[in-house]
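Chemist: Counting from 1, one number per residue, gives the positions in the sequence shown under full-length UniProt numbering.
Where is the CB? At the ideal position from N, CA and C, for every residue including glycine.
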Amino acid sequence: MEPHKILPAEYDILEQQMKNALPLSICAFVHFKLMRTRNLLERKNILVNSWPDPSVVVIVDNKGCNQQNPSSGTANVYKYMHIAIFYMQDWGILPSAVTFCKGPEFVRSLKALIQLASKNVPSPILVVGCSTDVIDALVNLYECKASCPFKPAQENALVYTLPPKNISPPTIPDGFRVSELGERHIDPVKKSWRYAEEYEQFFSMDRWLRYHFSNFPTLCIETEEGLPVAWELQQDYGAIGMLHVVPEFRRKKLGSVVTMALAEKMNNEGQMVFACVNEKNETGKTFHETNGYIRLAFDLCFCSYFF
1 MEPHKILPAE YDILEQQMKN ALPLSICAFV HFKLMRTRNL LERKNILVNS WPDPSVVVIV
61 DNKGCNQQNP SSGTANVYKY MHIAIFYMQD WGILPSAVTF CKGPEFVRSL KALIQLASKN
121 VPSPILVVGC STDVIDALVN LYECKASCPF KPAQENALVY TLPPKNISPP TIPDGFRVSE
181 LGERHIDPVK KSWRYAEEYE QFFSMDRWLR YHFSNFPTLC IETEEGLPVA WELQQDYGAI
241 GMLHVVPEFR RKKLGSVVTM ALAEKMNNEG QMVFACVNEK NETGKTFHET NGYIRLAFDL
301 CFCSYFF
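(1) In terms of residues, what are the limits of the alpha helix (DSSP H) holding residue 44?
(2) Kindly confirm or deny that the stretch 172-190 and the stretch 288-307 touch, where touching means at least three C-beta pairs closer than 8 angstroms.
(3) Identify whether residue 299 lies in helix, strand or coil by the three-state DSSP scheme.
(4) If we ignore side chains and look at the alpha-carbon of each, how far apart do residue 336 and residue 193 end up?
(5) Under 7 angstroms Cβ to Cβ from residue 288, same chain only, skipping five residues before and after it: list those, please.
(6) Report the three-state DSSP secondary structure of residue 37 (helix, strand or coil).
(7) Distance check for residue 53 and residue 227, CA to CA, integer angstroms please.
(8) Just curious, the alpha helix (DSSP H) that residue 115 is in, first and last residue?
(9) Does the distance from the CB of residue 300 to the CB of residue 156 come in under 8 angstroms?
(10) Output yes or no for whether 8 angstroms exceeds the beta carbon distance between residue 58 and residue 21.
(11) Which term fits residue 195, buried or exposed, when burial requires 16 or more other beta carbons within 10 angstroms of its beta carbon?
(12) Spatial neighbours of residue 169 within its chain, please: C-beta separation below 7 angstroms, excluding the five flanking residues on both sides.
(13) Taking Cβ to Cβ, would you say residue 311 is nearer than 8 angstroms to residue 209?
(14) In terms of alpha-carbon separation, which member of 239, 247, 293 and 252 lies closest to residue 271?
(15) Using CA atoms only, rank isn't needed, just tell me which of 175, 94 and 291 is closest to residue 262.
(16) Whose CA, out of 41, 298 and 29, lies closest to the CA of residue 8?
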């Protein structure tokens with residue numbers, strides 16, 4: 001394997017290659033397009049195991065990015081400074097490797113690319129996008145599982161997509177209004193997320209949420225008095241998630257309203273809408289299927305790489 005670093009002139013080719021590899025490439029494909037539209041790819045290190053027909057793609061946060069001047073104009077300068085805040089000396093957010101691997105037979109290339117990319121980031125790295133059979137094969141490269149630096153999540157994730165034909169403008173119930181998540185929502189969103197305590201072992205949850213609120217689509221339903229009662233956001237690896245409805249408002253079907261409104265926003269941007277649901281989350285599976293999501297024929301396994 002001869003690793004190849006993707007250059008801006010090759011972005012169109014890579015995007016098409018990952019599109020051709022759907023649905024297995026869904027995380028890497030959607031993440032790549034999302035970062036590209038937000039001008040965040042310059043903060044990424046994109047590695048492939050071969051070119052121009054890669055079987056493994058690894059997109060990793062890159063601390064040693066080029067600090068080139070942005071294009072002229074006050075808006076562009078502000079945007080550049082705003083984005084840079086999250087990638088300077090203090091990371092603040094957990095580094096991620098959004099990946100695509102065609103199958104278990106390519107795991108040695110996957111391992112090599114992740115290890116190569118990890119030279120520029122702190123440990124651990126959250127590895128996202130690989131199917132369960134790929135992660136199993138990756139872990140099995142190590143005779144001693146206890147010393148394996150790749151630690152899979154305890155539960156696999158089912159992958160659901162929402163076709164554009166199933167996206168319909170939601171009706172906002174009387175007494176509520178639509179807004180976006182911002183600084184004042186950090187505390188309630190953090191408190192409602194089941195993984196917040198675990199993640200704060202490695203990074204600042206407040207900063208992680210600010211990064212997402214500032215760069216990616218979010219949706220919040222509020223009362224007319226401004227009380228947030230339901231919300232969801234698109235995470236940087238592409239999937240929508242972190243859906244929460246305040247318990248006393250759950251009879252009003254606000255979960256369906258907020259997820260459909262966010263999907264409509266993303267669809268209008270030309271994005272592919274998908275979600276990952278823990279395999280044991282029966283409520284989550286029923287919710288997504290009821291709202292028009294279609295399950296894909298493979299599962300994902302989230303994984304942490306400690307080095």
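Modeler: On the basis of the coordinates in this document:
(1) Stepping through the sequence shown from its first residue, residue 44 is reached at position 44. Boundaries for residue 44: no alpha helix (DSSP H) harbours it, while the beta strand (DSSP E) harbouring it runs 44-48, taken from the DSSP string.
(2) The stretch 172-190 makes no contact with the stretch 288-307, as fewer than three CB pairs between them are under 8 angstroms.
(3) As a working mapping, residue 299 is identified with position 299 in the sequence shown. In the structure shown, residue 299 sits in a strand (DSSP, three-state: E or B).
(4) Given that the chain is displayed from residue 1 to residue 307, the structure contains no residue 336 and the question cannot be resolved.
(5) Residue numbering aside, residue 288 sits at position 288 when the sequence shown is read from its first letter. Within the same chain, residue 288 has close Cβ partners 160, 275 and 277.
(6) Counting from one through the sequence shown, the residue named residue 37 turns up at place 37. Per DSSP, reduced to three states, the secondary structure at residue 37 is helical.
(7) As a first step, residue 227 is located in the sequence shown; it is residue number 227 there, counting from the start. As a first step, residue 53 is located in the sequence shown; it is residue number 53 there, counting from the start. Going from the Cα of residue 227 to the Cα of residue 53 covers about 50 angstroms.
(8) Indexing the sequence shown from 1 puts residue 115 at position 115. Residues 107-117.
(9) Along the sequence shown, read from residue 1 onward, the residue named residue 300 stands at position 300. Along the sequence shown, read from residue 1 onward, the residue named residue 156 stands at position 156. A contact, by the Cβ cut-off of 8 angstroms.
(10) The residue labelled residue 58 in the question sits at position 58 within the sequence shown. The residue labelled residue 21 in the question sits at position 21 within the sequence shown. Not in contact: residue 58 and residue 21 (Cβ atoms no closer than 8 angstroms).
(11) Within the sequence shown, the letter at position 195 stands for residue 195. Label assigned to residue 195: exposed.
(12) Locating residue 169 in the sequence shown gives position 169, where the first residue counts as 1. Counting only Cβ-Cβ distances below 7 angstroms, and skipping sequence neighbours, we find 264.
(13) For residue 311 there is no data in the structure shown, the boundaries of the chain being 1 and 307.
(14) Along the sequence shown, read from residue 1 onward, the residue named residue 271 stands at position 271. If you compare the alpha carbons of 239, 247, 293 and 252 with that of residue 271, the shortest gap goes to 239.
(15) Within the sequence shown, numbered from 1, the residue matching residue 262 stands at position 262. Among 175, 94 and 291, the Cα nearest to that of residue 262 is on 291.
(16) Residue mapping note: residue 8 aligns to position 8 of the sequence shown, counting from 1. Considering only alpha carbons, the answer is 41.
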